[in-house]
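S.K.: Dropping the structure in here first, questions after.
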Amino acid sequence: MSSASSLTDPIDSPAQLAEWLESGEKPSPSDWRIGTEHEKFGFHTSNFAPLEYEGEAGVRAMLEGLRDWFVWTPVMEGETIIGLKDPNTGASVSLEPGGQFELSGAPLSTIHQTCSEVHTHLAQVRDIAEPLGIGFLGMGFAPTWSLDEIPVMPKGRYKIMRAYMPTRGSRGLDMMFRTATVQVNLDFASEADMVKIMRVGIALQPIATTLFAYSPFTEGKPNGYLSLRGSIWTDVDPDRTGQLPFVFEDGFGYER
């Protein structure tokens, strides 16, 4: 067996990662689910500045408000609240590096259910945000803020990423702090099914980017792009982002 004996054991072979992916197979279509991730930028409605973590009208106050008024339970890193979890559905609220507020939705059966989930989440966020003088913006790239203006969220792994990403491409920090997205997660029946889904998804990505392009401004000025966010992702990490030609090559699978 190549499996690690526990979640704390180090991974020492690609086979262990492949086994983990294989364990997620769902051969029966009745078991397939959709998971939606929805990110947005928080700002102060008084001056349109990005949200700090601390303060009476900051990210922490948003998390604590959702915790206190709805069914969410806190996710802690030491003494710091860094997210929320819904104990009934498995959905969560988490923070991206620059304070982007993210709903990681529950695994649901239809896109209609995911649509309802997102609208419920946005209504909850609005209920907490409005009394605090906070608004949220759904765009692919922060339209007015410079990198230096955006606070860093107090999550340990973001310190690591902040040092690492500039070594892989020129736009890694922009990706971390100034982009937001809507993302879909899909189940797969088998390794062959995963390969098919990956190939179709990557082939359609330019069309999806075009249809939903919404990042034409940088630091308050037109940037010449309809989707600056799409351009940023071409220079983040060539091993993991972009068109990934190896996905279309023979032999692509769990271990490649």
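Residue numbers for the sequence shown follow my numbering, beginning at 15 and rising by one.
Yeah, the Cβ is synthetic: ideal placement off N, Cα and C, and Gly gets one too.
Under a three-way DSSP split, which group does Phe84 fall into?
M.R.: Three-state result, Phe84: coil.
S.K.: Within the continuous beta strand (DSSP E) that includes Leu240, where are the two ends?
M.R.: Run containing Leu240: none; DSSP gives neither H nor E here.
S.K.: Is the separation between the beta-carbon of Ile221 and that of Val261 shorter than 8 Å?
M.R.: no
S.K.: State the start and end residues of the unbroken beta strand (DSSP E) segment that holds Thr50.
M.R.: 48-58
S.K.: Within the stretch 113-201, note down every full beta strand (DSSP E) run reaching 3 residues or more, in order along the chain.
M.R.: Counting only runs of 3 or more, we get 115-118, 148-151, 196-200.
S.K.: Spell out the partners DSSP gives Ser106 in its beta bridges.
M.R.: Lys99, Ser118
S.K.: With a cut-off of 8 Å on the beta carbons, I'd call Asp188 and Ile246 a contact; round off their distance for me.
M.R.: 5 Å
S.K.: Just to confirm my understanding: we take Met190, look at its own chain, exclude 5 residues before and 5 after, and list those with CB closer than 8 Å. What are they?
M.R.: Glu110, Pro111, Gly112, Tyr172, Met175, Arg176, Met179
S.K.: Assuming contact is defined by CB atoms lying nearer than 8 Å, are Gly79 and Ile142 in contact in what I supplied?
M.R.: yes
S.K.: What do you get for Met15, buried or exposed, if any count of 16 or more other CB atoms within 10 angstroms of its CB means buried?
M.R.: Residue confidence for Met15 is low, a pLDDT of 36 falling below 50, so the modelled location carries little weight; the figure read from the coordinates is stated next. Label assigned to Met15: exposed.
S.K.: To the nearest angstrom, how far is the alpha carbon of Ala105 from that of Val198?
M.R.: 14 Å
S.K.: Quick test of the definition: if touching needs 3 or more C-beta pairs under 8 Å, does the stretch 111-125 touch the stretch 41-53?
M.R.: yes
S.K.: If Gly170 sits next to Glu91, beta carbons under 8 Å apart, how far is it from one beta carbon to the other, in whole angstroms?
M.R.: With a Cβ gap of about 6 Å, Gly170 and Glu91 count as contacting.
S.K.: Whether or not the stretch 134-154 and the stretch 72-89 are in contact is what I'm after, with contact meaning three or more pairs of Cβ atoms, one per stretch, closer than 8 Å; do they touch?
M.R.: Touching, per the Cβ criterion.
S.K.: Taking 8 Å as the limit between beta carbons, can you name the residues of its chain near Val132, skipping five residues before and five after?
M.R.: Close CB contacts of Val132 within its chain, under the 8 Å cut and outside five residues either way in sequence, are with Thr50, His52, Leu117, Gly119 (chain order).
S.K.: I'd like to confirm the pairing. Which residues does DSSP put opposite Met90 in its beta bridges?
M.R.: Ile95
S.K.: Sort Ser130, Arg74, Thr103 by Cα distance to Glu93 and report the nearest one.
M.R.: Taking only the C-alpha atoms, the option nearest Glu93 is Arg74.
S.K.: If we count the other Cβ atoms within 10 Å of its Cβ and call it buried at 16 or more, is Phe57 buried or exposed?
M.R.: buried
S.K.: Note down the Cα distance separating Asp264 from Pro157, rounded to an integer number of angstroms.
M.R.: 41 Å
S.K.: Tell me the DSSP bridge mates of Thr232?
M.R.: Looking at the DSSP assignment, Thr232 forms a beta bridge with Lys235.
S.K.: Along the alpha helix (DSSP H) that carries Leu65, what are the first and last residues, could you check?
M.R.: Counting along the chain, Leu65 falls outside any alpha helix (DSSP H), and DSSP gives it neither H nor E.
S.K.: Going straight from the alpha carbon of Thr124 to that of Pro43, what length do you get?
M.R.: 12 Å
S.K.: What is the rounded straight-line gap between the Cα of Pro252 and the Cα of Pro28?
M.R.: 20 Å
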